[in-house]
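Protein chains in written order, with this note's numbering: chain A, 1 to 114; chain B, 1001 to 1114. All residues carry an ideal CB built from backbone N, CA and C; glycine is no exception.
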Amino acid sequence: DAMVIQNPRYQVTQFGKPVTLSCSQTLNHNVMYWYQQKSSQAPKLLFHYYDKDFNNEADTPDNFQSRRPNTSFCFLDIRSPGLGDAAMYLCATSTRQGRYNEQFFGPGTRLTVL
Amino acid sequence: KNQVEQSPQSLIILEGKNCTLQCNYTVSPFSNLRWYKQDTGRGPVSLTIMTFSENTKSNGRYTATLDADTKQSSLHITASQLSDSASYICVVSAYDTNAGKSTFGDGTTLTVKP
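Next comes the structure, spelled out in structure tokens:
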């Protein structure tokens, strides 16, 4: 089945130690998103790619970076994780050609910062 | 500023009962409204998606309604099951040439008890 895959599902890192989260998709969608979701809050958009075109949200900290080497993969790099970066990170995809621009979400990666 | 407000914040019902969740929005220009179900520790899963011209849409025991004039939507769950316990998120997208401009509500946490 076509889907959005996130690895790992759970990630533990130390304060200040760089960490990379990965997302892959078999939907062949041209838009990929990264969201941060803290407990009992709505997902917060960090950035998205429209093909290779990177779009950063104005309030996304510089600590967060992203790479999209090809259509299928997208990475979230947290350069120096702080305690406040502990959260669920959600990857989503959509197709710009679609009438509804519906987003399909992966299962998420739960990040713990020690 | 685009906003999505959901009510109630949380809801507890007995198995087999019906319930209705509300979503009010101020997103403009309106493109579509989506309801997602998010199980604890998982990514959101799409339930329904509606555009301006659609008043109601069903997905099994889930029925969503949309009143574009009053900018209100509801999600009705019929004959609730224990597996319906989750967070239900209303997401509204503005028509924009830049893919990805969606506004998320904070969600309604539904607990179904036996």
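Can you grab the Cα-Cα spacing for the pair residue i / residue j, in whole Å?
i          : j          : result
Leu114(A)  : Thr1040(B) : 22 Å
Ile78(A)   : Asn28(A)   : 26 Å
Gln1022(B) : Pro8(A)    : 34 Å
Asn1055(B) : Leu1066(B) : 5 Å
Thr1072(B) : Gly1016(B) : The sequence shown places Gln at residue 1072(B), not Thr. Those two C-alpha atoms are separated by around 26 Å.
Tyr1025(B) : Leu1075(B) : 14 Å
Asn1018(B) : Ile5(A)    : 33 Å
Asp62(A)   : Ser1007(B) : 34 Å
Thr13(A)   : Gly84(A)   : 13 Å
Please tell me whether residue i has its Cβ less than 8 Å away from any Cβ of chain B.
i        : result
Pro8(A)  : no
Leu76(A) : no
Leu21(A) : no
For residue i, would you say it is in contact with chain A, using Cβ-to-Cβ distances shorter than 8 Å as the test?
i          : result
Gly1107(B) : yes
Phe1052(B) : no
Ser1093(B) : yes
Ser1102(B) : yes
Ile1089(B) : yes
Count the other CB atoms, across all protein chains shown, that sit within 10 Å of the CB of residue i; report buried if there are 16 or more and exposed otherwise.
i          : result
Asn101(A)  : buried
Phe172(A)  : Residue coverage of chain A in this structure runs from 1 to 114, which leaves residue 172(A) outside it and unanswerable.
Gln81(A)   : For the sequence presented, residue 81(A) should be read as Pro rather than Gln. It is buried - the Cβ of Pro81(A) has at least 16 other Cβ atoms within 10 Å.
Leu21(A)   : buried
Tyr10(A)   : exposed
Val1027(B) : buried
Phe47(A)   : buried
Pro69(A)   : exposed
Pro1044(B) : buried
Gln103(A)  : buried
Closest to residue i by C-alpha separation, out of the options, would be which residue?
i          : options                                           : result
Lys17(A)   : Ser94(A), Thr71(A) and Phe64(A)                   : Phe64(A)
Ser1085(B) : Pro1029(B), Asn1032(B) and Leu1011(B)             : Leu1011(B)
Phe1052(B) : Pro1044(B), Pro1029(B) and Lys1037(B)             : Pro1029(B)
Asp59(A)   : Thr112(A), Gln36(A) and Thr20(A)                  : Gln36(A)
Arg1061(B) : Ser1083(B), Gly1043(B), Thr1070(B) and Asp1069(B) : Ser1083(B)
Ser72(A)   : Gln11(A), Ala92(A) and Asp85(A)                   : Ala92(A)
Ser1102(B) : Ala1068(B), Ser1007(B), Cys1019(B) and Leu1033(B) : Leu1033(B)
Cys1090(B) : Lys1001(B), Gln1038(B), Gln1081(B) and Ile1013(B) : Gln1038(B)
Ala1068(B) : Trp1035(B), Thr1109(B) and Ser1031(B)             : Ser1031(B)
Ser94(A)   : Thr13(A), Ser24(A), Gly84(A) and Val19(A)         : Ser24(A)
How about residue i: is its Cβ closer than 7 Å to a heavy atom in the ligand MN?
i          : result
Lys1037(B) : As for the ligand MN, it is missing from this structure, which has no ligand bound.
* Asked: Can you list, in chain order, the residues of the stretch 1014-1047 of chain B whose Cβ is nearer than 9 Å to any Cβ on chain A?
  -> Cβ contacts with chain A: Ser1031, Asn1032, Arg1034, Tyr1036, Gln1038, Gly1041, Arg1042, Gly1043, Pro1044, Val1045 and Ser1046.
* Between the stretch 25-43 of chain A and chain B, which residues of the former have a C-beta closer than 7 Å to a C-beta of the latter? -> For the stretch 25-43 of chain A, which is checked against every Cβ of chain B, the residues closer than 7 Å are Val31, Tyr33, Gln41, Ala42 and Pro43.
* Identify each residue in the stretch 1049-1075 of chain B for which the Cβ-Cβ distance to at least one residue of chain A is less than 8 Å, and report them in chain order. => For the stretch 1049-1075 of chain B, which is checked against every Cβ of chain A, the residues closer than 8 Å are Ile1049 and Thr1051.
* Near-chain B residues of the stretch 47-70 of chain A - C-beta to any C-beta below 8 Å -> Hits within the stretch, in order: His48, Tyr50 and Asn55.
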